[in-house]
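Here the sequence shown stands for residues 2 to 280, where the numbers follow this note's numbering. Ideal Cβ placement from N, Cα and C applies to all residues, glycine included.
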Amino acid sequence: MKLATYQANGQTRTGIVVGDSIVDTGLDGTMIDLIARWDEVKPQLEAKAAAGGGVPLSSVHLCSPVLRPGKIFAIGLNYADHIAESKMGTPEKQVWFTKAQTSVNGPYDPILIARGTMTNDYEAEMVAVIGKRAKHVSADEAKAYVFGYCVGNDATERMTQHATPQWSLGKSFDTHAPMGPWLTTADEIGDPHRLGIRCFVNGEKRQDSNTQHLVFNLWEQIAHLSAAMTLEPGDVIFTGTPGGIGAAMDPRRFLQPGDVVRIEIDELGHIEGTMQAEG
């Protein structure tokens, strides 16, 4: 099932994407509330999806599937080609940073270039969303704790990122976590470590890889995070980006106002944002 958060008629709702239409779930609350109630509401949502109807997707505004995740964690240096272009060694341990809630952005909304910044970059990533509370979960158990997947852009302000050893500030600018276009439930995807992932800037392919090349796979990521903290429904994990970032090009090619960044992942859809100078 494909589940979206959308705005229409001045309201923010959750819906089921069926072809080119969206069917309202009929549920009050946010996507996090829906995820927390999934076992209860799944049968009625399956029935709604089968019945069809709804309104055209083109008539609504799609938001990030999870508007205010309790936690957003992202792993760094998790594809071999990205490690090589970053001129760093393969990490022996997982490297994590956070992104602020206020960095969350819709799948087709503008991505802001903050005042005084000149080194904005893109990072195509598969995003996993947690489905139930997870603490001390093993890698063998981790699959059962994923609710679904979507496309993400770990947008980054490189100068700020590398100004200190801690990356979170450079990863947390407003609008720098576009996600969507919807949340595809885990049962539709099966093994997420087989999906083609690509990024285009103004139609030029910059990144082209497959999630099979993750250094630490998603199950290992969940095991590592849940050893430290309780993961909760709606928490978001950015799973890493492949090679091809603008900062690694020669010469470097950072994003400018008007640039269009499109990210595609097989079976999950695409997101596309236009870079816009902050007012």
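key: Gly181 versus Lys49, Ala125 and Glu221, residue with shortest Cα-Cα distance   = Of Lys49, Ala125 and Glu221, the residue nearest in Cα terms is Ala125.
request  = List the DSSP bridge partners of Met127.
outcome  = BP columns for Met127 point to Val152.
message = I'd like the list of long-range same chain contacts for Arg253, defined as Cβ closer than 7 Å, with 5 residues on each side in sequence excluded.
response = Non-local C-beta neighbours of Arg253 in its own chain, meaning closer than 7 Å and more than five positions away in sequence, comprise Gly247, ordered along the chain.
ask   = Along the chain, where does the beta strand (DSSP E) that runs through Gln277 open and close?
value = Membership of Gln277 in the beta strand (DSSP E) is indicated by the continuous run Gly270 to Ala278.
key: Start-to-end residues for the alpha helix (DSSP H) that takes in Val42   = Taken as a continuous stretch (DSSP letters only), the alpha helix (DSSP H) holding Val42 covers Trp39 to Ala52.
task = Reducing DSSP to helix, strand and coil, say where Ala135 ends up.
result = Looking at Ala135 - three-state DSSP - the assignment turns out to be strand.
ask   = Can you list, in chain order, the residues of its chain whose CB lies under 7 Å from that of Val42, leaving out five sequence neighbours each side?
value = Contacts found: Leu28 and Leu35.
task = Could you tell me the distance, in whole angstroms, from the CA atom of Lys88 to the CA atom of Ser22?
result = So the two alpha carbons sit approximately 45 Å from each other.
inquiry  = Nearest by alpha-carbon distance to Gly197: which of Val262, Trp183, Asp267 and Gly149 is it?
reply    = It is Asp267.
Inter-residue spacing [alpha-carbon to alpha-carbon] between Thr6 and Val128 = Spanning the two alpha carbons is a distance of roughly 16 Å.
query = In terms of residues, what are the limits of the beta strand (DSSP E) holding Glu265?
reply = Val261 to Ile266 is the extent of the beta strand (DSSP E) around Glu265.
task = Can you check DSSP and say which residues form a bridge with Thr15?
result = Thr15 is bridged to Thr6.
message = Quick check on DSSP: helix, strand or coil for Gln257?
response = Collapsing the DSSP output to three states places Gln257 in coil.
key: Cβ-based burial, Glu273 [other Cβ within 10 Å; buried from 16]   = Counting of Cβ neighbours within 10 angstroms places Glu273 among the buried residues, the total reaching 16 or more.
key: Range of the contiguous beta strand (DSSP E) that encloses Lys22   = It should be noted that the sequence gives Ser, not Lys, for residue 22. Per DSSP, Ser22 belongs to the beta strand (DSSP E) from Ser22 to Asp25.
key: Identity of the residue in Phe255, Leu269, Val237 and Gln8 nearest Ile313 by Cα   = Because the chain spans 2 through 280 in this model, residue 313 falls outside it and cannot be assessed.
inquiry  = Under 8 Å: do the segment 217–226 and the segment 48–67 share three or more Cβ pairs, one atom per stretch?
reply    = Flag = no, the segment 217–226 and the segment 48–67 do not touch.
ask   = Using 8 Å as the threshold, is the segment 61–73 in touch with the segment 225–239, meaning 3 or more CB pairs across them?
value = Yes: at least three Cβ pairs fall under 8 Å.
request  = Can you give me the Cβ contacts of Glu86 inside the same chain, cut-off strictly under 6 Å, excluding the 5 residues immediately before and after it?
outcome  = Correct list, in chain order: Gly244 and Ala249.
request  = Could you check which residue in Leu46, Ala143 and Asp260 has the C-alpha nearest to that of Gly204?
outcome  = Nearest to Gly204 by alpha-carbon distance, out of Leu46, Ala143 and Asp260, is Asp260.
query = Can you tell me the Cα-Cα spacing of Ile114 and His271, whole angstroms?
reply = Distance between the alpha carbons of Ile114 and His271: 21 Å.
ask   = What three-state label does DSSP hand Ile112 in the structure shown?
value = If DSSP states are grouped into helix, strand and coil, Ile112 belongs with the strands.
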